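**Q** Quick note: the sequence shown uses the numbering used here, first residue 92, plus one each step.
My questions will all concern the structure given below.
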Amino acid sequence: MKKKTIIHITGPTASGKTDLSIKLSQIFNTDIVSYDSRQFYKQMKIGTSVPNSKQLKKVKHYFIHNKNITDNYNVGIYRSEANEIINKLFQNKNFLVFVGGSGLYGDSIIFGLDNFPEVPKKIRDNLTKELKQKGIEFLQEKLKKADKEYYKRVDIYNHRRLIRALEVIETTGKKFSSFHKLKKSNKNFNLINLNIDFEKNVLHKRIESRVDKMIYNGLENEVFKLKKFKKLNPMKSVGYYEWFDYWEKKINFEDVVNKIKNNTKKYAKKQKTWNKKYDNAILCSNESNLDELVYLIKKKIKH
Numbered sequence: 092m093k094k095k096t097i098i099h100i101t102g103p104t105a106s107g108k109t110d111l112s113i114k115l116s117q118i119f120n121t122d123i124v125s126y127d128s129r130q131f132y133k134q135m136k137i138g139t140s141v142p143n144s145k146q147l148k149k150v151k152h153y154f155i156h157n158k159n160i161t162d163n164y165n166v167g168i169y170r171s172e173a174n175e176i177i178n179k180l181f182q183n184k185n186f187l188v189f190v191g192g193s194g195l196y197g198d199s200i201i202f203g204l205d206n207f208p209e210v211p212k213k214i215r216d217n218l219t220k221e222l223k224q225k226g227i228e229f230l231q232e233k234l235k236k237a238d239k240e241y242y243k244r245v246d247i248y249n250h251r252r253l254i255r256a257l258e259v260i261e262t263t264g265k266k267f268s269s270f271h272k273l274k275k276s277n278k279n280f281n282l283i284n285l286n287i288d289f290e291k292n293v294l295h296k297r298i299e300s301r302v303d304k305m306i307y308n309g310l311e312n313e314v315f316k317l318k319k320f321k322k323l324n325p326m327k328s329v330g331y332y333e334w335f336d337y338w339e340k341k342i343n344f345e346d347v348v349n350k351i352k353n354n355t356k357k358y359a360k361k362q363k364t365w366n367k368k369y370d371n372a373i374l375c376s377n378e379s380n381l382d383e384l385v386y387l388i389k390k391k392i393k394h
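See the structure below:
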């Protein structure tokens, strides 16, 4: 029986993953399974650059605006739901496009989840206490010293991720990154990796332009309506948490915009580091010839 194929599109934020995923989905007559962990939430539209209504009409998307911001959701639940969708799609389709910017969610499908050790409650409680008393910067430095490899990849403004890594390090005495060593790809399907990339200065201009567009489209108002959810994990996202200091009159409007731009650039750098693991990826950009990409994808397919 012919093996099914996942066309996996990676790339930093603002690199054009959405446009390419739609074009390839139309060519291969298939649907898109997303793994962008912020585009799951219905209330977060402008700041997550979710596909617009025209794009969503062109191709069927899964895991776009399928959750409420208050839902208890994590990578384990996503993996279970996504695998169910993928298996269902493969009953009638030979290809599917898999795209997103949240590497851990993508890898949960491609490589599975690592088996992490049980962590004593006392260790987690101590780290939570350090966060409250000494701030997130203290945990950032702690992780940087303990596991520089993971520090370079993780969203250092996500306190849950910091605590998760540090509690495993303190429990096992091993680096958290050692638990992320790649497993063999899932043998149930062909995996074709496409990595979109740009020169640093070009990508930075694209990011700045995107943030300006978000501001113009009403990002401030979108976040303001979500103020009451400030403490929820989705609101720790770049483009959202920066506004709270502004409303508390700690910084001015221009500072907010510059912070969002700079934090997005830092996030893009981490995404690029994460994507280096796909060393067999087809490299491309928005200027790549579509016919050539299709040819290279088909050439890589194993029967």
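Every residue gets a Cβ at the ideal spot worked out from N, C-alpha and C, and that includes glycine.
Since this is a predicted model, take the numbers as computed values, not measurements.
Please work out which residues of its chain come closer than 7 Å, Cβ to Cβ, to residue 273, disregarding the five sequence neighbours upstream and downstream, and give them in chain order.
**A** Residue numbering aside, residue 273 sits at position 182 when the sequence shown is read from its first letter. Residue confidence for residue 273 is low, a pLDDT of 47 falling below 50, so the modelled location carries little weight and cannot support an answer.
**Q** Am I right that residue 109 and residue 142 are in contact with their C-beta atoms under 8 Å? What's the rounded C-beta distance?
**A** Here the question's residue 109 lines up with position 18 in the sequence shown. Here the question's residue 142 lines up with position 51 in the sequence shown. Yes, they are in contact, since the Cβ atoms of residue 109 and residue 142 sit about 5 Å apart, within 8 Å.
**Q** Whose CA, out of 249, 284 and 237, lies closest to the CA of residue 443?
**A** No answer is possible for residue 443: the residues shown for the chain start at 92 and end at 394.
**Q** Tell whether a beta-carbon distance below 9 Å holds between residue 189 and residue 126.
**A** Taking the first residue of the sequence shown as 1, we reach residue 189 at position 98. Taking the first residue of the sequence shown as 1, we reach residue 126 at position 35. Against a cut-off of 9 Å, the Cβ pair of residue 126 and residue 189 comes out as a contact.
**Q** Nearest to residue 226 by CA position, among 148, 282, 265 and 248, is which residue?
**A** Mapped onto the sequence shown, residue 226 falls at position 135. Here the closest residue by C-alpha is 248.
**Q** So the alpha helix (DSSP H) residue 101 belongs to, where does it begin and stop?
**A** Taking the first residue of the sequence shown as 1, we reach residue 101 at position 10. Counting along the chain, residue 101 falls outside any alpha helix (DSSP H), though it belongs to the beta strand (DSSP E) covering 95 to 101.
**Q** Among 307, 223 and 357, which residue has its Cα nearest to the Cα of residue 295?
**A** Residue mapping note: residue 295 aligns to position 204 of the sequence shown, counting from 1. It is 357 whose Cα lies nearest to the Cα of residue 295.
**Q** Compare the Cα-Cα distances from residue 252 to each of 222, 175 and 169 and report the closest residue.
**A** Within the sequence shown, the letter at position 161 stands for residue 252. It is 222 whose Cα lies nearest to the Cα of residue 252.
**Q** Can you tell me where the beta strand (DSSP E) with residue 125 in it begins and where it stops?
**A** As a position in the sequence shown, residue 125 is number 34, starting the count at 1. Element bounds for residue 125: 123 to 125.
**Q** Taking all protein chains shown into account, do 16 or more other C-beta atoms lie within 10 angstroms of the C-beta of residue 161, making it buried, or fewer, making it exposed?
**A** Position 70 of the sequence shown, counted from the start, is the residue given in the question as residue 161. Looking at its Cβ environment, which holds fewer than 16 other Cβ atoms inside 10 Å, residue 161 is exposed.
**Q** Less than 9 Å between the C-beta atoms of residue 115 and residue 287, yes or no?
**A** Taking the sequence shown and counting its residues from 1, the one referred to as residue 115 is at position 24. Taking the sequence shown and counting its residues from 1, the one referred to as residue 287 is at position 196. No.
**Q** Please classify residue 293 as buried or exposed, where buried requires at least 16 neighbouring CB atoms within 10 angstroms.
**A** Here residue 293 is taken as the residue at index 202 of the sequence shown, counted from 1. Under this definition residue 293 is an exposed residue.
**Q** Check whether the Cβ atoms of residue 151 and residue 123 sit closer than 9 Å, and answer yes or no.
**A** Residue numbering aside, residue 151 sits at position 60 when the sequence shown is read from its first letter. Residue numbering aside, residue 123 sits at position 32 when the sequence shown is read from its first letter. Closer than 9 Å, so yes.
**Q** Considering just the uninterrupted stretch of the alpha helix (DSSP H) at residue 113, what are its terminal residues?
**A** In the sequence shown, residue 113 corresponds to position 22, counting from 1. Where residue 113 is concerned, the enclosing alpha helix (DSSP H) stretches over 108 to 118.
**Q** Ends of the alpha helix (DSSP H) at residue 353?
**A** Locating residue 353 in the sequence shown gives position 262, counting from the first residue. 344 to 366 is the span of the alpha helix (DSSP H), which, as asked, contains residue 353.
**Q** Any idea which residues DSSP pairs residue 284 with across the strands?
**A** The residue you call residue 284 lines up with position 193 of the sequence shown. Answer by DSSP bridge pairing, in chain order: 99.
**Q** Measure the Cβ-Cβ separation of residue 355 and residue 298 and say whether it is below 9 Å.
**A** In the sequence shown, residue 355 corresponds to position 264, counting from 1. In the sequence shown, residue 298 corresponds to position 207, counting from 1. Going by C-beta atoms, residue 355 is nearer than 9 Å to residue 298.
**Q** Taking residue 373 as part of the beta strand (DSSP E), name the residues at either end of that continuous run.
**A** Position 282 of the sequence shown, counting from 1, holds the residue named residue 373. It spans 373 to 375 - the beta strand (DSSP E) in which residue 373 sits, taken as one unbroken run.
**Q** Could you check whether residue 328 and residue 170 sit closer than 9 Å to each other, using their CB atoms as the reference points?
**A** Translated into positions along the sequence shown, residue 170 becomes position 79. Translated into positions along the sequence shown, residue 328 becomes position 237. Not closer than 9 Å, so no.
**Q** How long is the line joining the alpha carbons of residue 138 and residue 304, rounded to whole angstroms?
**A** Here residue 138 refers to the residue found at position 47 when the sequence shown is read from its first residue. Here residue 304 refers to the residue found at position 213 when the sequence shown is read from its first residue. Roughly 10 Å between the two C-alpha positions.
**Q** Select from 258, 118, 164 and 96 the residue whose C-alpha is nearest the C-alpha of residue 33.
**A** No answer is possible for residue 33: the residues shown for the chain start at 92 and end at 394.
**Q** Can you tell me whether DSSP reads residue 180 as helix, strand or coil?
**A** In the sequence shown, counting from the first residue as 1, residue 180 sits at position 89. In this structure, DSSP gives residue 180 a helical state, which the three-state scheme calls helix.
**Q** Please name the residue in 214, 310, 317 and 156 whose C-alpha comes closest to that of residue 259.
**A** On the sequence shown, residue 259 is found 168 positions in, with the first residue counted as 1. Checked all of 214, 310, 317 and 156; the closest Cα to residue 259 is 214.
**Q** Helix, strand or coil, according to DSSP, for residue 390 in the structure here?
**A** In the sequence shown, the residue the question calls residue 390 occupies position 299. Reduced to three states, the DSSP call for residue 390 is helix.
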